[in-house]
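One structure is given below, encoded as structure tokens.
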Amino acid sequence: MMTPLLVLAAVLGLAIGSFLNVVIYRVPRGESLVHPGSACPSCGDAIRPRHNVPVLGWLALRGRCHSCAAPISVRYPLVEAGTALLFVAITARFGWTPELPAYLYLAAIAVALALIDLDVKRLPDAIVLPSYVVGLVLLAPTVATAGWGHALRALAAMAMLYLFYFGLAHVYRGGMGFGDVKLAGLLGLYLGWLGWDAVLVGAFAGFLLGGLAGIALLASRRATGKSEVPFGPYMLLGAFLAIFAAGPVAGWYLSLLPTA
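For the sequence shown, UniProt numbering gives the first residue as 1, with consecutive numbering after it.
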């Protein structure tokens with residue numbers, strides 16, 4: 001039965017989400033992920049173990065520090081709950097297969113990278129570059145069941161998306177950062193493993209979502225033509241749209257094309 005696996009995925013997602021809050025805050029600042037322990041950013045008092053329980057700890061504190069009563073951002077429990085939901089969705093998508101650990105890892109770093117990019121408009125090499133190696137290692141065992149075709153396609157897609165974004169970054173200097181280039185290659189690895197339809201849908205959806213977001217920001221005057229808008233979150237949203245629905249989306253698009 002799938003239910004116990006989904007419950008396990010939810011619990012794991014909550015725990016990973018709690019750790020991702022640390023990653024999101026500390027990595028851009030160049031701080032250690034291990035030391036010191038979690039503390040209130042306002043008064044510096046250490047957070048008690050029982051208040052570190054994902055979601056429930058924040059609810060028990062009613063969103064305030066137990067020492068100084070300073071407000072604690074609601075983003076912390078939202079990251080934990082959101083990661084849990086994403087882990088459940090990924091587990092439902094892949095089931096108990098060799099691919100599952102690889103895509104759970106992608107889900108975890110996607111949450112961290114999207115929020116870091118929104119916060120500081122940067123995709124840290126400390127997360128993106130090691131993820132190439134981690135992705136290759138986690139996907140390697142699946143060759144035994146899926147065959148070398150998947151692996152070769154994944155490597156080809158990785159190179160193609162990297163080079164495509166590399167070209168864009170050179171043509172539109174200032175409009176796209178090299179963090180996006182490195183992320184594109186990583187997403188190509190994961191989407192290429194699933195198929196060329198996933199690569200095309202993921203890449204196109206990223207540009208579409210990013211373009212729509214840019215138009216919305218300009219229309220609402222929350223940004224100008226010279227504003228720096230992070231593109232990483234939309235690349236990641238497009239990739240996950242492809243992971244979950246590349247086949248239906250590609251089929252829908254092809255149905256719109258005129259037939260002979």
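No residue lacks a Cβ here, since even glycine has one placed at the ideal position from N, Cα and C.
**OP:** Can you say whether R153 is buried or exposed, counting buried as having 16 or more other CB atoms within 10 angstroms of its CB?
**Re:** buried
Original post:
Which whole-angstrom value is the C-beta distance of L14 and A84, which I expect to be below 8 Å?
Top reply: 5 Å
Subject >> Helix, strand or coil at L50 according to DSSP, with G and I counted as helix >> reply: The identity of residue 50 in the sequence shown is Arg, whereas the question assumes Leu. Here R50 sits in helix by DSSP.
Original post:
Using the rule of at least 16 other Cβ atoms within 10 Å of the residue's Cβ for burial, across every protein chain shown, is E228 buried or exposed?
Top reply: exposed
**OP:** Report back the beta-carbon spacing between L123 and G179 to the nearest angstrom; my notes put them in contact at under 8 Å.
**Re:** 3 Å
Subject >> Nearest-angstrom Cβ-Cβ length linking A54 and E31, presumed shorter than 8 Å >> reply: The residue asked about is misnamed: residue 54 is Pro in this sequence, not Ala. Wrong, their Cβ atoms sit about 21 Å apart, outside the cutoff.
**OP:** Examine the Cβ distances between the region 107-127 and the region 48-64 and report whether three or more of them are shorter than 8 Å.
**Re:** no
Original post:
Under three-state DSSP, which class holds G176?
Top reply: A quick correction: the sequence has Met, not Gly, at residue 176. Residue state, collapsed to three classes: strand.
Original post:
The alpha helix (DSSP H) with G202 in it runs from where to where?
Top reply: W196 to A219
Original post:
Hey, would you say Y165 sits closer than 7 Å to G206, going by beta carbons?
Top reply: no
**OP:** Measure the alpha-carbon distance for F87 versus P77 and round it to whole angstroms.
**Re:** 15 Å
Original post:
Three-state secondary structure (DSSP) at P141?
Top reply: helix
Subject >> Cβ-Cβ distance between L20 and A112 below 7 Å >> reply: yes
Original post:
In terms of residues, what are the limits of the alpha helix (DSSP H) holding R26?
Top reply: T3 to R26
**OP:** Please report how far the alpha carbon of A46 lies from the alpha carbon of V120, in whole angstroms.
**Re:** 26 Å
Subject >> Nearest-angstrom Cα separation, counted from G188 out to I16 >> reply: 24 Å
**OP:** Quick one: residues in its chain with C-beta nearer than 6 Å to the C-beta of L236, no 5 flanking neighbours on either side, listed in chain order?
**Re:** A110 and A114
Original post:
Given a threshold of 16 other Cβ atoms within 10 Å of its Cβ, counted over all protein chains shown, does D125 qualify as buried or as exposed?
Top reply: exposed
**OP:** Please say whether L139 and W196 have beta carbons closer to each other than 7 Å?
**Re:** no
**OP:** Consult DSSP for R122 and reduce its assignment to one of helix, strand or coil.
**Re:** coil
Original post:
In whole angstroms, what is the alpha-carbon distance linking S42 and H66?
Top reply: 11 Å
**OP:** Assign Y190 to buried or exposed, taking buried as 16 or more other Cβ atoms, counted over all protein chains shown, within 10 Å of its Cβ.
**Re:** buried
Original post:
Do you know offhand how far A219's Cα is from W148's?
Top reply: 48 Å
Original post:
For P230, which three-state DSSP category applies?
Top reply: coil
Subject >> For R64, the three-state DSSP class (helix, strand or coil) >> reply: strand
**OP:** Find the nearest neighbour of G44 within the set V199, R62 and C68, judged by alpha-carbon distance.
**Re:** C68
**OP:** Let me know the secondary structure DSSP gives A154 once reduced to three states.
**Re:** helix
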